Amino acid sequence: MAKYVFFFLFMIVNTHANLINIAVNSLQPQNIKSEEAEVVTDRLAHELIRTKTFRIIERNKLELAMQEHTIQSSGLCGEDCQLELGKVMGVQYFVLGSVGKIGIFNTINIRIMEVQSGEIIHTVNVEHHGPIGELLFKTQEVASDINNFIQEKHNLNIKEPELVSNTKETPDTDPKPETDIDLKKIAIIGLSVVLGIFTLLLIAS
Numbered sequence: 221m222a223k224y225v226f227f228f229l230f231m232i233v234n235t236h237a238n239l240i241n242i243a244v245n246s247l248q249p250q251n252i253k254s255e256e257a258e259v260v261t262d263r264l265a266h267e268l269i270r271t272k273t274f275r276i277i278e279r280n281k282l283e284l285a286m287q288e289h290t291i292q293s294s295g296l297c298g299e300d301c302q303l304e305l306g307k308v309m310g311v312q313y314f315v316l317g318s319v320g321k322i323g324i325f326n327t328i329n330i331r332i333m334e335v336q337s338g339e340i341i342h343t344v345n346v347e348h349h350g351p352i353g354e355l356l357f358k359t360q361e362v363a364s365d366i367n368n369f370i371q372e373k374h375n376l377n378i379k380e381p382e383l384v385s386n387t388k389e390t391p392d393t394d395p396k397p398e399t400d401i402d403l404k405k406i407a408i409i410g411l412s413v414v415l416g417i418f419t420l421l422l423i424a425s
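One gets the numbering used here by counting positions in the sequence shown from 1 and adding 220 to each.
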């Protein structure tokens, strides 16, 4: 029983070990309320979790670490500071960007920053014509785009193509020899005769 429990725990740990550590920074509001931007940020983090590719590093933990660093250094924690803290916390990618309104369009603009290099390696931009609340449905599209890019970058879930044999199996179209069929008929007739004689003997007795 213990070995099965160990195997189960190993599978859980191994599954989580394969996840990509990503931190979703608060999206900056542009011509919208900060509360609305926070709602979109939270929904985007939720959609990224649903892909089962990422482990989300909680923003409050990262922000708390930034605050502590700011207090200790008596200065602001800029982008370089965030990268260093990200490395310490095991973050592989930062999701940065903004959500806002331009005229009749609502937009989500996302940048993916690689923590190791500090470079922007991918961008996602989506627009929606309608109420700001409907922009939440666009977060699934954004998360799917990010997921596809990261999976391709890490060569995740790539299946080897199945090998298809070029040789075709030819059906066995050769007719059964007539002698085999005749022998079966003779055997059946013989068995019937024997059973008939056996039945008559039972009746006679």
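Think of the CB as a built atom: it goes at the ideal place given N, C-alpha and C, for glycine as much as any other residue. All values reported here derive from a predicted model rather than from experimental measurement.
CB of residue i within 8 Å of CB of residue j, strictly
i	j	result
Met333	Leu305	no
Arg331	Ile340	yes
Val500	Ile242	The first residue shown for the chain is 221 and the last is 425, placing residue 500 beyond what the model contains.
Ala363	Thr271	yes
Asn326	Ile352	yes
Closest residue to residue i among the options (Cα-Cα distance)
i	options	result
Ser318	Val346, Thr271, Glu267	Val346
Glu255	Thr359, Gly320, Asn238, Lys358	Gly320
Asn280	Phe325, Ser246, Gly338, Asn368	Ser246
Lys358	Ile269, Ile324, Leu264	Leu264
Gly338	Ile324, Met309, Cys301	Cys301
8 Å Cβ shell around residue i - same chain, five flanking residues per side excluded
i	result
Lys307	Val335, Gln336
Ile240	Thr273, Phe274, Arg275, Gln312, Tyr313, Ile370, His374
Glu382	Below a pLDDT of 50, predicted positions are generally treated as unreliable, and Glu382, at 48, falls in that range; the measurement from the model is reported next regardless. Correct list: empty, nothing qualifies.
Alpha-carbon to alpha-carbon, residue j and residue i
i	j	result
Glu354	Ile328	12 Å
Asn251	His349	15 Å
Glu372	Ile277	21 Å
Leu356	Ala257	10 Å
Ile324	Asn238	41 Å
Leu303	Val244	13 Å
Ile269	Val259	16 Å
Close beta carbons around residue i, own chain, < 7 Å, minus the five adjacent residues each side
i	result
Gln360	Glu267
Near the ligand GDP: residue i beta-carbon under 7 Å from a heavy atom
i	result
Arg275	Absent from the structure shown: the ligand GDP. Ligands present: none.
Close-in-space but distant-in-sequence residues of the same chain around residue i (CB under 6 Å, 5 per side omitted)
i	result
His342	Ile332, Phe369
Gln248	Ser318
Lys253	none
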